[in-house]
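Input: a single structure, listed below in structure tokens.
Residue numbers (this note's numbering): 86 to 267.
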């Protein structure tokens, strides 16, 4: 019998002064048995950075290759925003760029990110709808430590800096844009 996903609930208060976007959200996040707390929290962070009506978590790791971690579709079913976390292969990124209006990739893993990005950067340079953002390893590990089955979190974004935390801990995330324009 297959192990089922762990269901996590998050109350997320977002104050994004860079967009501007302010909202209180109640989210349900399915954490696949093979997904680490760090990866789940990077997905939650990516969701917070793009939060809007219509943005949804997909089946993610559980899904076939046809879905990202997070997406937003138009009313006619076109993919407006495709969001991946991790270090997907070049073929998957090209496929996303060909299917969606905007593609965001949140890469994490420390030095591994540069080793992953260097060989594929030039090959993906023709995709003007792609943004690749590297997240610092210390920050993503600290995000993983915030993970709980039930969470109440605050996320503040200002001048490109992201603060996310609960009542006891705050994590500063300073993303590095590897490719694309803001």
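Glycine included, each C-beta is placed from N, C-alpha and C at the ideal position. Computed from a prediction, not measured in an experiment: that's the story for all the values here.
Worksheet item: Closest to residue 116 by CA distance: which of 222, 263, 126, 105 is it?
Response: 126
Worksheet item: Does the distance from the C-beta atom of residue 110 to that of residue 92 stay below 8 Å?
Response: no
Worksheet item: Who does residue 215 pair with in a DSSP beta bridge?
Response: 188
Worksheet item: Between the Cα of residue 239 and the Cα atoms of 89, 152, 189, 108, which residue gives the shortest distance?
Response: 108
Fill in: Nonlocal neighbours in the same chain, by C-beta distance under 6 Å from residue 118, ignoring five residues either side
88
Worksheet item: For residue 206, does the three-state DSSP call read helix, strand or coil?
Response: helix
Discussion item. On the DSSP letters alone, give me the boundaries of the beta strand (DSSP E) that residue 165 sits inside.
Written reply: 164-170
Fill in: Spatial distance of residue 197 from residue 124 (CA atoms)
15 Å
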